[in-house]
Amino acid sequence: MASQLTTNGDALRLFFTDDIYLIRGEEILSTDEVIVSESQSVMMVSEPPVSPVVSLPIPVETPKESPSFKFLGKNSRNILILVNDPEHEVSDEKGRELLRKIVKSVNLSANDFALLNYAGYRGTSYAQLQQHFSSVLIFVFGVTPEQLKMKTYPQNSIVLEEGVRLIFSSELKTLEEDPAGKKVLWASLKQLGL
1 MASQLTTNGD
11 ALRLFFTDDI
21 YLIRGEEILS
31 TDEVIVSESQ
41 SVMMVSEPPV
51 SPVVSLPIPV
61 ETPKESPSFK
71 FLGKNSRNIL
81 ILVNDPEHEV
91 SDEKGRELLR
101 KIVKSVNLSA
111 NDFALLNYAG
121 YRGTSYAQLQ
131 QHFSSVLIFV
141 FGVTPEQLKM
151 KTYPQNSIVL
161 EEGVRLIFSS
171 ELKTLEEDPA
181 GKKVLWASLK
191 QLGL
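Just so we're aligned: 8 in the numbering used here is position 8 of the sequence shown, and the numbers increase by one with no gaps anywhere.
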């Protein structure tokens with residue numbers, strides 16, 4: 001087969017239909033010059049062999065993702081009620097009745113808060129709860145500050161942590177049978193001003 005390279009003007013006109021403009025000051029190489037420059041000998045440069053470098057990824061500690069929480073209520077006022085009862089969804093009958101009274105005393109409805117049983121989320125920190133619920137007020141029944149990876153706080157009184165008001169108390173069952181603890185808690189609830 002013959003070479004497909006052609007310099008015939010008539011043949012080139014079939015393929016190249018656009019106008020070509022010559023710009024002054026630019027060199028034009030003829031095909032002879034191009035062929036000569038391609039046929040010049042190429043000098044081989046000897047390079048030392050390159051050994052592959054293996055880089056191991058550095059483990060980066062990723063922050064724990066917030067678990068998917070199953071809670072009761074709508075959380076429209078960003079109030080979290082945390083209970084801790086592994087046997088019941090919320091608490092036994094006496095504990096639920098006490099919780100109803102507490103919620104009613106501070107003028108809350110089920111739409112206002114999120115009710116979460118911590119027994120199903122052991123090891124969850126305050127930061128993870130806050131990341132998910134964005135609470136401005138948290139009632140904590142039966143969960144210690146240490147379990148939430150917080151510093152120690154007194155029971156049944158209002159404490160402030162990063163702008164969030166918290167009240168730590170004993171489990172609802174235990175609180176129901178503790179008149180002195182209930183009295184201190186009621187006094188704290190009155191101070192909330194809800």
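Cβ coordinates follow ideal geometry from the N, Cα and C atoms, glycine included.
Own chain, CB closer than 6 angstroms to Arg77, minus 5 neighbours either side, in chain order: Numbered from 1 along the sequence shown, position 77 holds the residue referred to as residue 77. Asp112.
Identified DSSP bridge partners for Lys122: Translated into positions along the sequence shown, residue 122 becomes position 122. It is worth fixing the name first, because residue 122 is Arg in this sequence and not Lys. Per DSSP, none; premise fails for Arg122.
Beta bridge counterpart(s) of Arg165 as assigned by DSSP: Position 165 of the sequence shown, counted from the first residue, corresponds to residue 165. Residue pairing from DSSP places Arg165 in a beta bridge opposite Leu137 and Leu160.
For Ala114, three-class secondary structure by DSSP: For the purposes of this step, residue 114 is taken as residue 114 along the sequence shown, with counting starting at 1. Residue state, collapsed to three classes: strand.
Where Leu175 sits in the DSSP three-state scheme: Position 175 of the sequence shown holds residue 175. Three-state DSSP puts Leu175 in a helix.
Strand pairing of Ile23, partner residues [DSSP]: Looking up residue 23 in the sequence shown gives position 23. DSSP lists no bridge partner for Ile23.
Rounded separation between Lys149 and Val136 - CA only: As a first step, residue 149 must be located in the sequence shown, where it is residue number 149. As a first step, residue 136 must be located in the sequence shown, where it is residue number 136. Cα-Cα distance, rounded: 18 angstroms.
For Leu129, the three-state DSSP class (helix, strand or coil): Taking the first residue of the sequence shown as 1, we reach residue 129 at position 129. In the structure shown, Leu129 sits in a helix (DSSP, three-state: H, G or I).
Counterpart residues of Val83 in DSSP-defined beta bridges: The residue given as residue 83 occupies position 83 in the sequence shown. According to DSSP, which records beta bridges pairwise, Val83 is partnered with Asn117.
Nearest-angstrom Cα separation, counted from Pro154 out to Val140: Within the sequence shown, residue 140 is the residue found at index 140, counting from 1. Within the sequence shown, residue 154 is the residue found at index 154, counting from 1. Using only the alpha carbons, I get a separation of about 12 angstroms.
Option nearest Leu115 by Cα separation, candidates Phe133, Gln4, Thr7 and Trp186: As a working note, residue 115 is residue 115 in the sequence shown. Of the candidates Phe133, Gln4, Thr7 and Trp186, the one whose C-alpha sits nearest the C-alpha of Leu115 is Phe133.
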